[in-house]
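Student:
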Ligand code: RNT
Ligand code: ZN
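In the numbering used here, the protein residues as written are 22 to 439.
1. Out of 285, 263, 109 and 319, which has the shortest C-alpha to C-alpha gap to residue 297?
2. Just to check, is the beta-carbon of residue 65 closer than 7 Å to a non-hydrogen atom of ligand 1?
3. Can you name, in chain order, every residue of its own chain whose Cβ lies under 7 Å from the Cβ of residue 69, other than the five neighbours on each side?
4. Between residue 325 and residue 289, what straight-line distance do the alpha-carbon atoms span, to the nearest angstrom?
5. What residue ranges within the segment 69-108 form continuous alpha helix (DSSP H) runs of no fewer than 4 residues, ordered along the chain?
6. To which residues does DSSP link residue 224 through a beta bridge?
7. Report yes if the C-beta of residue 206 is less than 7 Å from at least one heavy atom of ligand 2; otherwise report no.
8. Here's the rule: buried if 16 or more other CB atoms are within 10 angstroms of the residue's CB, otherwise exposed. What is residue 48?
9. When the Cα of residue 113 is compared with those of 62, 84 and 72, which residue comes out closest?
10. Answer yes or no: do residue 248 and residue 233 have a C-beta to C-beta separation smaller than 8 Å?
11. Indicate, with yes or no, if ligand 2 has a heavy atom lying under 7 Å from the CB of residue 347.
12. Does any heavy atom of ligand 2 sit closer than 7 Å to the C-beta of residue 307?
13. Am I right that residue 81 and residue 251 are in contact with their C-beta atoms under 8 Å? What's the rounded C-beta distance?
14. Closest to residue 357 by C-alpha separation, out of 421, 345, 403 and 331, would be which residue?
15. Using a threshold of 7 Å, is the CB atom of residue 288 nearer than that to any non-hydrogen atom of ligand 2?
16. Is the beta carbon of residue 192 less than 8 Å from the beta carbon of residue 133?
17. For residue 112, name the three-state secondary structure that DSSP assigns.
18. Does DSSP classify residue 324 as helix, strand or coil?
19. Give me, in chain order, the residues of the same chain whose beta-carbon lies closer than 6 Å to that of residue 157; leave out the 5 immediate sequence neighbours on both sides.
20. Assuming residue 182 and residue 221 make a contact with CB atoms under 8 Å, what is their CB distance in whole Å?
21. Using a Cβ-based criterion (distance less than 7 Å to any ligand heavy atom), does residue 115 qualify as near ligand 1?
22. Under the rule that 16 or more other beta-carbon atoms within 10 Å means buried, what is residue 86, buried or exposed?
23. Compute the distance between the beta-carbons of residue 57 and residue 102, then report whether it is under 8 Å.
24. Could I get the ranges of all uninterrupted alpha helix (DSSP H) runs contained in the segment 110-147, with 4 residues as the minimum, in chain order?
25. According to DSSP, is residue 60 part of a helix, a strand, or is it coil?
26. Skipping 5 residues on each side, what residues in its chain have a beta carbon closer than 6 Å to that of residue 430?
What follows is the structure in structure tokens.
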């Protein structure tokens with residue numbers, strides 16, 4: 022038996038003595054589908070035209086060579102990323118990542134025809150597609166207001182874009198056999214102190230109710246709404262705040278989207294899951310990493326990510342949560358950003374799946390001393406050996422070898438793009 026197999030066998034025995042079945046953990050992990058966010062590959066620019074400015078309070082820093090400039094290039098990059106991320110996943114698009122434009126047709130009138138080659142690509146790979154309306158990066162986002170704008174004509178444009186994306190999502194769902202998540206995030210807000218916070222929020226509710234007026238079969242499409250603390254340029258008030266969307270989602274039966282970068286830096290998103298699932302049945306998670314603010318850093322195995330994964334796993338929420346990645350780093354190779362970030366979250370999920378239940382049992386006996394000791398003991402368990410075994414079984418390179426494929430692709434494809 023090879024040294025690696027010997028190590029895995031011993032690790033499996035150690036876990037088994039603690040009541041953990043590593044085979045079960047790996048097969049559960051293989052079933053967890055992540056939404057790989059296409060917008061890491063094009064710096065959230067979309068493909069409507071060569072001139073684009075990202076507005077709405079998001080920031081993409083860096084100009085690492087090789088950004089995808091059209092849907093074909095983006096799909097080629099995603100092909101490699103999906104090959105290097107173990108398991109089977111889906112892809113999330115933004116509402117401006119069209120594969121073609123039609124003369125005189127703007128975002129308010131997009132249809133599935135603007136995404137036809139995306140559907141064909143997803144069909145060929147047997148994966149699902151999601152779409153998020155792009156309420157930003159367009160001259161109709163005026164004074165950082167879209168659905169909450171006081172001008173009815175501007176609201177009408179964005180309501181039509183929201184409706185268009187729901188219909189496109191429905192087509193994705195019908196043709197790909199898995200419901201499309203259509204995630205509504207609006208940048209609407211104010212840089213400095215507004216005089217009236219109430220009117221924009223009432224307009225936002227009216228506009229959203231118009232977007233969601235048509236009932237669409239949840240077998241094909243799921244509506245999610247994403248709250249946010251602030252963005253650059255909207256520091257003083259975000260119309261779609263946490264409280265706003267928590268109540269909107271609950272009152273309208275929509276799915277809440279928690280983005281892990283959208284709260285106060287010391288606020289635990291992990292703690293919110295069990296609170297929400299007391300009264301809701303579904304959640305969409307944008308797994309991200311905020312450094313000082315919603316900086317959209319690539320996810321890494323840190324305490325926040327481990328806590329988020331743990332709450333998802335140990336409470337039995339895995340079949341209630343849609344997991345999507347959401348970060349954009351243009352200072353590093355963008356394929357590597359997808360692969361490193363996705364594998365980091367999978368590692369965090371594996372740590373949770375391998376957690377012995379001794380600490381929970383101690384807590385049930387109100388023995389908080391043993392609980393603490395056992396929580397700390399679990400941190401020394403050899404989950405990395407199980408991770409390496411799972412990567413090998415999944416046919417993907419190890420963490421130390423994964424950059425070889427990416428470097429080759431960079432040399433042969435990405436470098437030629439500039
Ligand atoms: C913005 C939100 C939103 C965006 C994408 C590009 O802070 O996180 O999800 O990241 O729509
Ligand atoms: Zn997000």
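Note that the Cβ used here is the ideal one computed from N, Cα and C, for glycine as well.
Tutor: With the structure as the only source:
1. 263
2. yes
3. 117, 119 and 122
4. 7 Å
5. 92-105
6. According to DSSP, residue 224 bridges with nothing at all.
7. yes
8. exposed
9. 62
10. no
11. yes
12. yes
13. With 8 Å as the limit, residue 81 and residue 251 do not qualify as a contact, their Cβ atoms being about 17 Å apart.
14. 421
15. no
16. yes
17. strand
18. helix
19. 76, 77 and 208
20. So it is not a contact: roughly 18 Å between Cβ atoms.
21. yes
22. exposed
23. yes
24. 137-146
25. helix
26. 101
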